[in-house]
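Trainee: Note that my numbering gives residue 981 to position 453 of the sequence shown, counting from 1, and the numbers run on in steps of one.
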Amino acid sequence: MITLTPKTLSPFSFLCNPIPKHQNQNSKYTIVTQYSDSNSKPTFNSNCESEFQTERGLKFDIGETFFRHESATGRDLGVLAAALYKRSKGKLRVLDALCGCGIRSLRYLIEAEADFVLANDANDDNRKVITENLSQVESSSGDDPRWAVTLSDANRIMTECYLKRDFFDLIDIDSFGSDSSFLRSAINALKLDGLLYVTSTDGFSSGGRRPQQTLAAYGAYVRPMPYSNELGLRMLIGGAVRVASVLGYRVTPLFSYYSYHGPIFRVMLRVNRGKLPDNRNYGFISYCHNCGSSQEYSWAELGRMSCPCSDSKVQGCVSSLKLALIHVVVSKSLVVSGPLWTGPLHDTLYITEMLHLAEEWGWAGSGSGTDLDKLLNQMVAESDPRLPFGYTKLDEVASRAKVNSPPLRAVMSTLEKVFPHNSLWQSILLGLANGPKIGHMSVVHVQQLGVWGAWGACWSILGAAGYECMVDNWSSRSCWEGYAVSRSHIESNAIKTNCSMAGCIRIAKQLQQCSSAE
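(1) How would you call Q562, buried or exposed, if buried means at least 16 neighbouring beta carbons within 10 angstroms?
(2) Considering only residues of the same chain and omitting the five flanking positions on each side of Q1040, which have a CB-CB separation below 6 Å?
(3) What's the call for R615, buried or exposed, on a 16-neighbour Cβ count within 10 Å?
(4) Determine the extent of the alpha helix (DSSP H) in which V769 is found, giving its start and end residues.
(5) Do you know whose CA, among K619, L634, A610 and F594, lies nearest K587's CA?
(6) If we ignore side chains and look at the alpha-carbon of each, how far apart do Q1038 and Y815 end up?
(7) In the DSSP assignment, find the unbroken beta strand (DSSP E) run with S822 in it and report its ends.
(8) How far does the beta strand (DSSP E) with N716 in it reach, from first residue to last?
(9) State yes or no: is the C-beta of V799 within less than 8 Å of the C-beta of L718?
(10) Measure the beta-carbon distance from I699 to W869 and round it to whole angstroms, keeping in mind my assumption that it falls under 8 Å.
(11) Opposite D700 in the DSSP bridges: which residues?
(12) DSSP state of F732, grouped into three classes?
(13) Short check: CB of G1031 to CB of E944, under 8 Å?
(14) Output needed for L804: all residues of its chain with C-beta closer than 8 Å, excluding positions within five of it in sequence on either side, in chain order.
(15) Can you list, in chain order, the residues of its chain with a C-beta nearer than 7 Å to that of S708? Leave out the 5 residues immediately preceding and following it.
(16) A938 and S865: beta carbons closer than 8 Å?
(17) Please state the DSSP three-state secondary structure of I1018.
(18) For W827, count neighbouring Cβ atoms within 10 angstroms of its own Cβ and tell me buried if that reaches 16, exposed if not.
(19) Under three-state DSSP, which class holds D923?
(20) Using 8 Å as the threshold, is the C-beta distance between E583 and I638 below it?
(21) First and last residue of the alpha helix (DSSP H) that includes P867?
(22) Closest to V771 by CA distance: which of E579, K860 and G802 is it?
(23) Could you give the distance in angstroms between the alpha-carbon of N962 and the alpha-carbon of P934?
(24) Among residues of its own chain, excluding the 5 on either side of R928, which ones have a beta-carbon nearer than 8 Å to its beta-carbon?
(25) If you check the beta carbons only, do D589 and E660 fall under 8 Å apart?
(26) Where K617 and E598 are concerned, what is the direct C-alpha to C-alpha distance, given to the nearest angstrom?
(27) Assess, as a yes-or-no matter, whether the stretch 622-631 is touched by the stretch 688-698 under the definition of 3 or more beta carbon pairs within less than 8 Å.
(28) Under a Cβ-count criterion, where at least 16 other Cβ atoms within 10 Å of its own Cβ denotes burial, should L496 be classed as buried or exposed?
(29) Give the DSSP-derived three-state secondary structure of Y785 in the structure shown.
(30) Please give me, in chain order, every unbroken run of the alpha helix (DSSP H) with length at least 4 that falls completely inside the stretch 622-664.
(31) Who are the Cβ neighbours of S1047 in its own chain at under 6 Å, not counting the five residues just before and after it?
(32) What does DSSP give as the partner residue(s) for E579 in the beta ladder?
(33) Could you tell me if S988 is buried or exposed, where buried requires 16 or more neighbouring beta carbons within 10 angstroms of its beta carbon?
(34) Between which two residues does the beta strand (DSSP E) holding I792 run?
(35) Within 10 angstroms of its Cβ, does D565 collect 16 or more other Cβ (buried), or is it exposed?
(36) Who are the Cβ neighbours of C629 in its own chain at under 8 Å, not counting the five residues just before and after it?
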């Protein structure tokens, strides 16, 4: 006989925890703003002194709460997004589900000018520090409250808000580990077109060391890959996509932020009605340890996964035994993770608006060189739609090319100028000898060729061969752009590019030869 308890059936702990008797069940929130007498005050460790911190000019007490100064950038991003929402919608109600000492709630009130903030924390010992920090703002504006404090389980407070139809414009969940049980109740308590700021701190899972854990938390089986920290963001978004789809909603990432301390994975999502069409941007990612290439696969392509390096070997194979051995080697070198979010991590226009607001507030721009300024500019570059998932570590490129690690700027500059090897380009260059002559020079009229290339590189190559180049239609200059490339905010010595690993290896060798020649 098997005995099941309610706690076993549900991930929501509040379902088996009765409402404490001392709470006023008739009030909308259990507001903790003052103490009626000395007997009602919680006991604190008298040996622990208060520790005050300052962030963006705001002074606050952290008490005995868990606080990281390094997480200030994540709070900056949340405030910028909240302020943009307030400007576009004219109203902003925020639920800080795991508020800690209350600094995020305080910043939403003062910097984002939130109309109302509900600061919740499950630890009753934090009530004093939270209320004292928020007391820097008037608790009400006329008849409308500006803020309230609740001390309850996060899932419980969000579900209560949903049942009361008390919805919020922004819900911030700064959770620990890979706890995804908040997603369902948070989406339910959010207004349509609202913002959901979610968190993960499980670096072991994103590194592929706990695939069963990621499968349980986010519905994704994650394997070890070189760009594991980006996988952490993608599995977090993918988990939200999965939960939202069940509820009849779709989510769109506005920005995705990774920080090595912790580590911290934070994603701002916009939630709207409707499902993700045809599972778009929600699929599988493969990585080949043999050649270093990565590919994206849809659900329909499951069972037909292979690597280009294996295809080239199979084409020249005549022996069935050798063919079988090739497939065995490839099957061991190819690893697959998913299902994950495979689409863009940032919204270009939204990040640009955040950057402009940060410049307006003096947090970025004007040659400030601040970490936030660099981060937002890198996010804008990363949001190029031509860039695929993942990033390429230059140390891995150097190891495969058997050369010293090339300078990052030199690699990026070369990628922007080099056009991909293409049979059509080869045909064009070979056919130039038949072009019309002007004196001793040949004339090449370049029209919309519909191929990728770098105009500067093409000009140099043809000029060295004795040709005069003229462009008939400058409106097609996009055809002459090189590879898309940007730095990665996730990994300092890595790039995001649509150039293959084989192309990066070739460029690394060329840079090494040029360096040796000098």
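We put the beta carbon where it would ideally sit given N, CA and C, even for glycine.
Mentor: Once the coordinates are examined:
(1) For Q562, the pLDDT reaches just 35, beneath the cut-off of 50, and the residue's location in the model is therefore unreliable, leaving the point undetermined.
(2) V931.
(3) Label assigned to R615: exposed.
(4) S756 to L775
(5) L634
(6) Roughly 25 Å between the two C-alpha positions.
(7) S822 to Y825
(8) No beta strand (DSSP E) holds N716; the alpha helix (DSSP H) holding it covers F710 to N716.
(9) yes
(10) Not quite, the Cβ-Cβ distance comes to about 19 Å (not below 8 Å), so this is no contact.
(11) D624 and Y725
(12) helix
(13) no
(14) V769, S773, R778 and Y810
(15) These residues qualify, in order along the chain: A745, Y746 and G767.
(16) no
(17) coil
(18) exposed
(19) Judged by DSSP in its simplified three-state form, D923 adopts helix.
(20) Not in contact: E583 and I638 (Cβ atoms no closer than 8 Å).
(21) Premise fails: P867 lies in the beta strand (DSSP E), L862 to W869, not in any alpha helix (DSSP H).
(22) G802
(23) Because N962 sits at a pLDDT of 46, beneath the cut-off of 50, its placement in the model cannot be relied upon, and the following sentence gives the value as read from the coordinates. Their Cα atoms are separated by approximately 40 Å.
(24) G820, M1029 and I1033
(25) yes
(26) 31 Å
(27) yes
(28) Residue 496 falls outside the range modelled here, since the chain spans only 529 to 1046, and no answer is possible.
(29) Note: Y785 maps to strand in three-state DSSP.
(30) 631-638 and 655-662
(31) The structure shown does not extend to residue 1047, since the chain spans only 529 to 1046, so no value can be given for it.
(32) Paired residues: none, contrary to the question.
(33) Residue confidence is low: S988 scores 46 on pLDDT, short of 50, so the model does not pin down where it sits. Its coordinate-derived value is still stated next. So S988 ends up on the exposed side.
(34) I792 to R801
(35) Residue placement at D565 cannot be trusted, given a pLDDT of 33 that sits under 50; what the coordinates show is reported in the next sentence. Its Cβ having fewer than 16 others within 10 Å, D565 is exposed.
(36) F588, D589, I590, G591, T593, F595, N654, V657, I658 and N661
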